[in-house]
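Participant:
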Amino acid sequence: MLSVKQKDHPIGVFDSGLGGLTVVKALMRRLPHEDIVYFGDTARVPYGTKSREAIIRFSKENVALLRKRGVKMIVVACNSSSSHALAALHETFDLPIIGVIEPGCRAAAKATKNKKVGIIATPATINSYAYPQEIARLDSTIKVLGQACPLFVPLIEEGWSTKPVTVSVAKEYLKKLSHSQIDTLILGCTHYPLLKPTLRKVLGAKVKLVDSAEEVVHDVRETLEKKNALNSASHKAQYKFLVSDEPAHFQKLARRFLGFDIQDVARVTT
Ligand code: DGL
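Per this note's numbering, the sequence shown starts with residue 6, numbered consecutively.
The following block contains the structure:
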């Protein structure tokens with residue numbers, strides 16, 4: 006149970022790299038009095054092509070690292086990690102830990118009208134079946150179609166989200182999904198919101214694109230409210246960014262995710 010003095014402790018957020026910043030952006034906007042410590046495991050990105058064992062081990066190390074910095078809760082802002090490691094993290098650590106799968110499924114189940122939902126994600130997330138299982142739990146009449154897109158994360162980390170090469174790759178990956186009459190597409194990787202313009206180009210305006218960030222914020226607020234641990238409304242939030250490889254590239258690309266420059270980026274070891 007969180008004690009009252011932990012109200013002013015930061016929220017810890019981690020991802021394999023830059024993608025989790027899409028969740029941080031939503032947290033900054035909707036919970037402006039909360040401090041955030043973000044960890045991007047840039048030395049080991051991508052997670053989405055790694056084994057379940059590796060993803061669980063990295064995720065535990067990331068939580069331990071953030072915990073040492075006194076965070077009051079953790080957001081696993083990585084689908085690959087949420088789909089494989091969330092249960093292990095809940096078993097291992099005694100602070101509140103929220104993943105991104107359940108919030109994304111909730112949003113998609115609300116959005117779909119024809120009950121045909123597509124998911125694009127890393128191979129690790131697709132192979133875990135975490136999305137179809139969670140959607141079936143929410144509404145067993147929804148048909149779910151998944152597509153692994155391993156090239157998307159490197160293209161985004163390279164800063165190439167809207168380049169013609171990425172449009173071509175997206176056309177190839179989305180061929181099957183676009184023929185299957187889905188009306189909703191879950192962006193099952195926290196990097197993918199940066200691909201929205203490219204995905205729109207390929208899928209047209211009719212397919213709803215669901216990114217879980219807003220629903221995640223809802224869960225964070227609810228968790229902190231229940232524990233009486235929301236920071237005071239007079240507090241001006243502070244943000245810290247930690248990475249496991251050199252900070253310069255992260256700092257440069259962070260602008261594309263957040264829309265502004267960040268200064269405070271430090272290199273740490275897990
Ligand atoms: N942004 C992450 C995800 O949501 C990780 C991508 C990766 O590291 O492969 O899956």
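Idealized CB from N, CA, C, for every residue including glycine.
1) Taking all protein chains shown into account, do 16 or more other C-beta atoms lie within 10 angstroms of the C-beta of Asn233, making it buried, or fewer, making it exposed?
2) Determine, using beta carbons only, whether Ile79 and Leu100 come nearer to each other than 8 Å.
3) On the three-pair Cβ rule with 8 Å, is the region 137-145 touching the region 169-182?
4) Who pairs with Gly75 in a beta bridge, going by DSSP?
5) Do Leu109 and Gly193 have their C-beta atoms closer together than 8 Å?
6) Tell me which residues share the same chain as Thr195 and place their Cβ nearer than 7 Å to its Cβ, disregarding the 5 neighbours each side in the sequence.
7) Secondary structure at Leu156, three-state DSSP: helix, strand or coil?
8) Within the same chain, show all residues whose beta-carbon is closer than 8 Å to that of Ile103, passing over the 5 residues directly before and after it, in chain order.
9) Expressed to the nearest angstrom, what Euclidean distance is found between the alpha-carbon atoms of Thr117 and Thr189?
10) Around the Cβ of Pro51, are there at least 16 other Cβ atoms within 10 angstroms (buried) or fewer (exposed)?
11) Given a cut-off of 8 Å on the beta-carbon distance, is the pair Lys245 and Val42 in contact?
12) Looking at the strands, I want to know which residues DSSP matches up with Leu190.
13) List the residues that DSSP assigns as beta-bridge partners of Val270.
14) Does the beta carbon of Ser64 fall short of 7 Å from some heavy atom of ligand 1?
15) Return the residue from the list Leu70, Lys12, Ser87 and Cys154 that minimises the CA-CA distance to Thr54.
16) Going by the CB atoms, is the gap between Lys12 and Leu247 shorter than 8 Å?
17) Check Asp20 in the structure and name its three-state DSSP category.
18) DSSP three-state call for Val81: helix, strand or coil?
19) Under 7 Å: does the beta carbon of Cys110 sit that close to some heavy atom of ligand 1?
20) Taking 8 Å as the threshold (C-beta atoms), are Lys65 and Leu94 in contact?
21) Would you check whether ligand 1 has a heavy atom nearer than 7 Å to the C-beta of Pro51?
22) Which word fits Val273, buried or exposed, when buried means at least 16 other C-beta atoms lie within 10 angstroms of its C-beta?
23) Which residues mark the beginning and the end of the beta strand (DSSP E) in which Tyr52 is found?
24) Relative to ligand 1, is the shortest distance from any of its heavy atoms to the C-beta of Cys154 smaller than 7 Å?
Facilitator: A quick look at the data gives this:
1) exposed
2) yes
3) no
4) Note: Gly75 sits in no beta bridge, so no partner.
5) The question names Leu, yet the displayed sequence has Gly at residue 109. Cβ distance < 8 Å, so Gly109 and Gly193 count as in contact.
6) Asp20, Gly24, Gly25, Thr27, Val28, Ala82, Cys83, Asn84 and Val105
7) coil
8) Closer than 8 Å at the Cβ level, and outside the excluded window around Ile103, lie Met78, Ile79, Val80, Val81, Val221, Asp224, Val225 and Thr228.
9) 6 Å
10) buried
11) Closer than 8 Å, so yes.
12) Gly123 and Leu214
13) Note: Val270 is bridge-paired with Phe246 in the DSSP secondary-structure output.
14) no
15) Cys154
16) Cβ atoms of Leu247 and Lys12: not closer than 8 Å.
17) In this structure, Asp20 counts as strand in the three-state DSSP scheme.
18) Val81 carries a strand assignment under DSSP once its states are collapsed to helix, strand and coil.
19) False, no ligand heavy atom lies under 7 Å from that Cβ.
20) Result yes, Cβ atoms of Leu94 and Lys65 sit closer than 8 Å.
21) Pro51 Cβ: within cutoff of ligand 1.
22) exposed
23) No beta strand (DSSP E) contains Tyr52, which DSSP labels as neither H nor E.
24) Every heavy atom of ligand 1 is 7 Å or more from the Cβ of Cys154, so no.
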